[in-house]
Amino acid sequence: MKFLKDLFDIRSVSGDESEVSQFLLNTILQRKDSWKVAPIIYSGEEFHDCILLKFGSPRTAVFAHIDTIGFMSRYENQLVTVGGPELVDGISLVGEDNMGPIACKLKIYNGDLFHDFPRAIERGTYLSFEQNLKLEQDFIQGAYLDNRLGIYNALELCEELENGWVVFSTYEEHGGGSMPFLLDFIMKNDPIKQALISDITWVTEGVGHGGGVAISIRDKYIPRRKFLNKLIALAIESGIDYQLEVEDAGGSDGREIQFSNYAIDWCFIGAPEDNVHSPNEIVAVHDLQCMIAMYKYLMTHL
Numbered sequence: 001m002k003f004l005k006d007l008f009d010i011r012s013v014s015g016d017e018s019e020v021s022q023f024l025l026n027t028i029l030q031r032k033d034s035w036k037v038a039p040i041i042y043s044g045e046e047f048h049d050c051i052l053l054k055f056g057s058p059r060t061a062v063f064a065h066i067d068t069i070g071f072m073s074r075y076e077n078q079l080v081t082v083g084g085p086e087l088v089d090g091i092s093l094v095g096e097d098n099m100g101p102i103a104c105k106l107k108i109y110n111g112d113l114f115h116d117f118p119r120a121i122e123r124g125t126y127l128s129f130e131q132n133l134k135l136e137q138d139f140i141q142g143a144y145l146d147n148r149l150g151i152y153n154a155l156e157l158c159e160e161l162e163n164g165w166v167v168f169s170t171y172e173e174h175g176g177g178s179m180p181f182l183l184d185f186i187m188k189n190d191p192i193k194q195a196l197i198s199d200i201t202w203v204t205e206g207v208g209h210g211g212g213v214a215i216s217i218r219d220k221y222i223p224r225r226k227f228l229n230k231l232i233a234l235a236i237e238s239g240i241d242y243q244l245e246v247e248d249a250g251g252s253d254g255r256e257i258q259f260s261n262y263a264i265d266w267c268f269i270g271a272p273e274d275n276v277h278s279p280n281e282i283v284a285v286h287d288l289q290c291m292i293a294m295y296k297y298l299m300t301h302l
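191 is the number that UniProt numbering gives to position 191 of the sequence shown; each next residue is one higher, with no gaps.
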């Protein structure tokens, strides 16, 4: 739980992921000797702020993005969005520029975004939702469960993983961009034919809290049905609670896999959350537990 709290407190709006990347790298270096298989670690400037872990002889890769949505300061107290945050007048925002810490409110006038900080904020400063994490018996609530819980799931997977890639990507919330070079590196070094996207999805009329992890048959993009059938058969065999998701919007790092030059099957599998892209995202603990268990099962049997 301390790790989760520390992870949630780190700001990492798309394009500014270096701090959370270093935190993850330090955690990996501290823990890797206790894992069943010690991975080969790829990180550093060659990979920008991404981290790749190679366990054994990979057949499958798991991708978890480490960035979040947020805001950036512009001119005359204006703000612009990074990704697609929920826009509610009066939401608390935090950040820091060269003059010091920032705590302010989002103000919306005639559809334009502003802050109410008493001084000018340096241009290009990132602002994030103020964190108010609540870890309860049945639910986790706070800002940036998407995708802090996806990161948490990927790290939990590392404890017992014998064969596979675990990859922490960047930029996902604002158009992507790191997946092409990550895929290229993987395919040139130890190629795979399938991938799972460790991310958080939506509570909808068909996917609810407490029903288990969501296996996405489609969002805006559609994975190959032959691969989906294989995953669903394994999910049934596992006995782990799961739900099937069918949507016509949304996307993930899976999009960039599908649009790549490589024939890699992929599927988004993640716990559903309510209050998406707000300071009060909420996920059922049971669904997160099912997500972790499902990834461990699938990575052993795929």
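Where is the CB? At the ideal position from N, CA and C, for every residue including glycine. Predicted model, so just to flag it, every value in this text is computed and none were measured.
Nearest-angstrom Cα distance between Leu-10 and Asp-16?
Going by the sequence as given, residue 10 is Ile instead of Leu. Roughly 11 Å separates the two Cα atoms.
Considering just the uninterrupted stretch of the alpha helix (DSSP H) at Ala-235, what are its terminal residues?
Here the alpha helix (DSSP H) through Ala-235 covers 225-238.
Would you identify the three-state DSSP class for Leu-183, choosing helix, strand or coil?
Three-state result, Leu-183: helix.
In the DSSP assignment, the beta strand (DSSP E) including Thr-60 goes from what residue to what residue?
First-last of the beta strand (DSSP E) with Thr-60: 60-65.
Cutting at 7 Å between CB atoms, please list the residues of its own chain near Ile-108, excluding the five before and the five after it.
So the list reads Leu-87, Asp-89, once near-sequence residues are dropped.
Could you tell me which uninterrupted beta strand (DSSP E) segments, each at least 3 residues in length, are contained entirely in the stretch 21-80, listed from first to last along the chain?
As far as the stretch 21-80 is concerned, its whole beta strand (DSSP E) runs of at least 3 residues are 40-42, 51-55, 60-65, 70-73.
With 16 as the cutoff for other CB atoms within 10 Å, does His-301 come out buried or exposed?
Flag for His-301 reads exposed.
By Cβ distance, which residues of its chain are closer than 7 Å to Phe-8, with the 5 residues on each side in sequence left out?
Cβ neighbours of Phe-8 beyond the five flanking positions: Gln-131, Leu-133, Gly-142, Tyr-144, Arg-148.
How should Pro-58 be labelled, buried or exposed, when 16 other C-beta atoms within 10 angstroms of its C-beta is the threshold for buried?
Pro-58 comes out buried.
Check whether the Cβ atoms of Glu-273 and Val-285 lie closer than 9 Å to each other.
No, the Cβ-Cβ distance between Glu-273 and Val-285 is not below 9 Å.
Suppose you measure from the CA of Asp-138 to the CA of Gly-210; what does that come to, to the nearest Å?
Whole-angstrom Cα-Cα distance: 9 Å.
Which class does Ser-216 belong to by DSSP, given the choice of helix, strand or coil?
The answer is strand: DSSP assigns Ser-216 an E or B state.
The alpha helix (DSSP H) that contains His-286, what's its start and end?
It spans 285-301 - the alpha helix (DSSP H) in which His-286 sits, taken as one unbroken run.
Are Gly-111 and Met-299 close, meaning C-beta to C-beta below 9 Å?
No, the pair does not count as a contact, with Cβ atoms beyond the cut-off.
CB Ile-264 to CB Gln-194, shorter than 9 Å?
Going by C-beta atoms, Ile-264 is nearer than 9 Å to Gln-194.
I need the straight-line Cα distance from Glu-281 to Asn-275, nearest angstrom please.
About 5 Å.
State the DSSP-derived secondary structure class of Ala-195, mapped to helix, strand or coil.
Strand at Ala-195.
Rounded to the nearest angstrom, how far is the Cβ of Ile-215 from that of Glu-245, given a contact under 8 Å?
Rounded, the Cβ-Cβ distance is 7 Å, consistent with contact.
Would you say the stretch 66-77 touches the stretch 189-207, given that touching needs at least three Cβ pairs under 8 Å?
The answer is no - the stretch 189-207 does not touch the stretch 66-77, with fewer than three Cβ pairs under 8 Å.
Please report the Cβ distance between Leu-196 and Ile-269, rounded to the nearest whole angstrom; I am assuming they are in contact, meaning their Cβ atoms lie under 8 Å.
Leu-196 to Ile-269, Cβ: 6 Å. Contact.
Going along the chain, which residues of its own chain have a beta-carbon closer than 6 Å to the beta-carbon of Pro-223, five neighbours each way excluded?
So the list reads Trp-266, Cys-267, once near-sequence residues are dropped.
Does the separation of the CB atoms of His-277 and Asp-67 fall below 9 Å?
No, these two residues do not count as a Cβ contact at 9 Å.
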